[in-house]
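Trainee: Residue numbers (our numbering): 1 to 200. I have a structure I would like to understand better, so I am pasting it below and will then ask my questions one at a time.
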Amino acid sequence: QLEINGVEVVTKKEVDAEFINSENPDVLILAVGGLPGEVDVEKSGGNVPIIEYDQFMGADTGENVVVYGSNAQAFDCALWLTVRKKKVTIVTPNPNEELDKQQSHHAHRFMTTALYALGVKVYPSSKIKEIGDKQITIVNDQGVEIVIPADSIINSADLLPNKSLLEGAKVKEKYAIGDCNEPFNIALAIRAGNDVGRAI
Numbered sequence: 001q002l003e004i005n006g007v008e009v010v011t012k013k014e015v016d017a018e019f020i021n022s023e024n025p026d027v028l029i030l031a032v033g034g035l036p037g038e039v040d041v042e043k044s045g046g047n048v049p050i051i052e053y054d055q056f057m058g059a060d061t062g063e064n065v066v067v068y069g070s071n072a073q074a075f076d077c078a079l080w081l082t083v084r085k086k087k088v089t090i091v092t093p094n095p096n097e098e099l100d101k102q103q104s105h106h107a108h109r110f111m112t113t114a115l116y117a118l119g120v121k122v123y124p125s126s127k128i129k130e131i132g133d134k135q136i137t138i139v140n141d142q143g144v145e146i147v148i149p150a151d152s153i154i155n156s157a158d159l160l161p162n163k164s165l166l167e168g169a170k171v172k173e174k175y176a177i178g179d180c181n182e183p184f185n186i187a188l189a190i191r192a193g194n195d196v197g198r199a200i
């Protein structure tokens with residue numbers, strides 16, 4: 001369809017504001033995805049490494065793994081680790097009702113039930129107070145502290161918007177869609193793309 005409609009696809013090219021301006025487009029639609037969120041840690045003096053989400057499959061996570069976050073990626077990560085016999089604990093600053101929030105109601109029930117059955121523990125409304133030696137200390141919104149064995153922490157924190165390219169682009173009509181505008185899920189990203197495509 002792209003070839004039939006004469007759409008030019010450019011690959012292996014880093015896009016910056018200078019390149020966009022050199023193309024002199026009438027409309028700019030930004031769909032570059034979100035930026036990784038950060039693991040919020042009050043104090044770190046231990047030896048538990050933080051592994052980024054896009055690297056955890058090939059990393060040495062150890063046996064006791066803390067997944068930080070409660071979005072769809074966090075739950076996918078937890079399931080992947082659990083079926084490989086890792087002892088997984090989910091720690092998230094988000095409240096209980098936002099667990100696996102990007103999934104459909106059916107997928108949400110399936111994932112949470114499966115993970116609980118496999119022994120995954122979840123601590124919502126909690127943050128990491130301290131990283132120690134082979135353990136972390138978390139504290140919940142009630143001020144209760146809990147020590148959890150941990151060989152590694154996987155950063156599955158909520159994504160952050162990523163719209164900086166719009167600022168330097170000298171284009172009259174500009175849009176940001178999907179995770180770069182408001183991180184959530186692929187369904188809303190597709191809807192946003194459809195809406196903008198029809199609008200222009």
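The C-beta atom is built at its ideal place from N, Cα and C for all residues, glycine as well. Since we're looking at a predicted model, the values are computed, not measured.
Could you compute how far the alpha carbon of Gly-46 sits from the alpha carbon of Gly-178?
Mentor: If you take the alpha carbons of Gly-46 and Gly-178, they lie about 37 angstroms apart.
Trainee: Give me the residue from Glu-38, Ser-22 and His-105 with the minimum Cα distance to Pro-93.
Mentor: Among Glu-38, Ser-22 and His-105, the Cα nearest to that of Pro-93 belongs to Glu-38.
Trainee: Can the beta-carbon of Pro-161 be found less than 8 angstroms from the beta-carbon of Asn-181?
Mentor: A contact, by the Cβ cut-off of 8 angstroms.
Trainee: What residues match up with Ile-186 in a beta bridge as DSSP calls it?
Mentor: Beta-bridge pairing links Ile-186 to no other residue.
Trainee: Taking the alpha-carbon of Asp-100 as reference, which of Leu-79, Lys-87 and Leu-118 has the nearest alpha-carbon?
Mentor: Among Leu-79, Lys-87 and Leu-118, the Cα nearest to that of Asp-100 belongs to Leu-79.
Trainee: Is there contact here, the region 47-63 with the region 191-198, by at least three beta-carbon pairs under 8 angstroms?
Mentor: The region 47-63 is not in contact with the region 191-198.
Trainee: Assign Thr-89 to one of two classes, buried (16 or more other C-beta atoms within 10 Å of its C-beta) or exposed (fewer than that).
Mentor: Result: buried.
Trainee: For Pro-25 versus Tyr-53, is the C-beta distance shorter than 8 angstroms?
Mentor: Going by C-beta atoms, Pro-25 is not nearer than 8 angstroms to Tyr-53.
Trainee: Considering only the beta carbon of each residue, do Met-111 and Phe-75 sit closer than 8 angstroms?
Mentor: Taking 8 angstroms as the Cβ cut-off, Met-111 and Phe-75 qualify as a contacting pair.
Trainee: On the DSSP letters alone, give me the boundaries of the alpha helix (DSSP H) that Thr-82 sits inside.
Mentor: 72-82 is the extent of the alpha helix (DSSP H) around Thr-82.
Trainee: By Cβ distance, which residues of its chain are closer than 6 angstroms to Tyr-175, with the 5 residues on each side in sequence left out?
Mentor: Contacts found: Ile-29 and Val-196.
Trainee: Beta-carbon within less than 6 angstroms of Asn-21's beta-carbon, same chain only, minus the 5 sequence neighbours each way: which residues are those?
Mentor: Same-chain partners within the cutoff: Lys-170.
Trainee: How far does the alpha helix (DSSP H) with Lys-117 in it reach, from first residue to last?
Mentor: The sequence shown places Ala at residue 117, not Lys. Per DSSP, Ala-117 belongs to the alpha helix (DSSP H) from 105-117.
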